[in-house]
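>
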Amino acid sequence: MTDTKTELATVNLDFPFTRGDQTIDSVKVRRPRSGELRGLNIADLVQMNVAATAKLLPRITVPPLTETEINNLDPADLTQFGMEIQDFLLPKAAKEQGSPD
Numbered sequence: 282m283t284d285t286k287t288e289l290a291t292v293n294l295d296f297p298f299t300r301g302d303q304t305i306d307s308v309k310v311r312r313p314r315s316g317e318l319r320g321l322n323i324a325d326l327v328q329m330n331v332a333a334t335a336k337l338l339p340r341i342t343v344p345p346l347t348e349t350e351i352n353n354l355d356p357a358d359l360t361q362f363g364m365e366i367q368d369f370l371l372p373k374a375a376k377e378q379g380s381p382d
């Protein structure tokens, strides 16, 4: 998971894939900017809607994931990406309310 001050999070894939002769076993996810959310519903992203997550990922991943790669991700890996996106989008106050004292 990401720290609230972190701009990048690393997702270690449970099911790596190959791109050419390279094995992709981890992907960095960057905190999205407002412009990168254009055409998306934030509520869909917070609820980890698959279509919304798939549309956002190419905009915020390093290396950038392609639509085909995203569509072929294992659901466990897609869930990890969704959790990172959700963490980036939640306001600090909401995170503080959910944290144990």
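Every number in this note's numbering is 281 more than the matching position in the sequence shown, counting from 1. The C-beta atom is built at its ideal place from N, Cα and C for all residues, glycine as well.
1. Looking only at its chain, what residues have a beta carbon closer than 8 angstroms to the beta carbon of L318, apart from the 5 residues adjacent to it on each side?
2. Any idea if T334 is buried or exposed, counting beta-carbon neighbours within 10 angstroms, 16 or more meaning buried?
3. Where does L321 sit, in a helix, a strand or coil, going by DSSP?
4. I'd like the list of long-range same chain contacts for R340, defined as Cβ closer than 8 angstroms, with 5 residues on each side in sequence excluded.
5. With DSSP run on the structure shown, which of helix, strand or coil describes L294?
The answer reads as follows:
1. L326, L337
2. buried
3. Residue state, collapsed to three classes: coil.
4. P313, E317
5. strand
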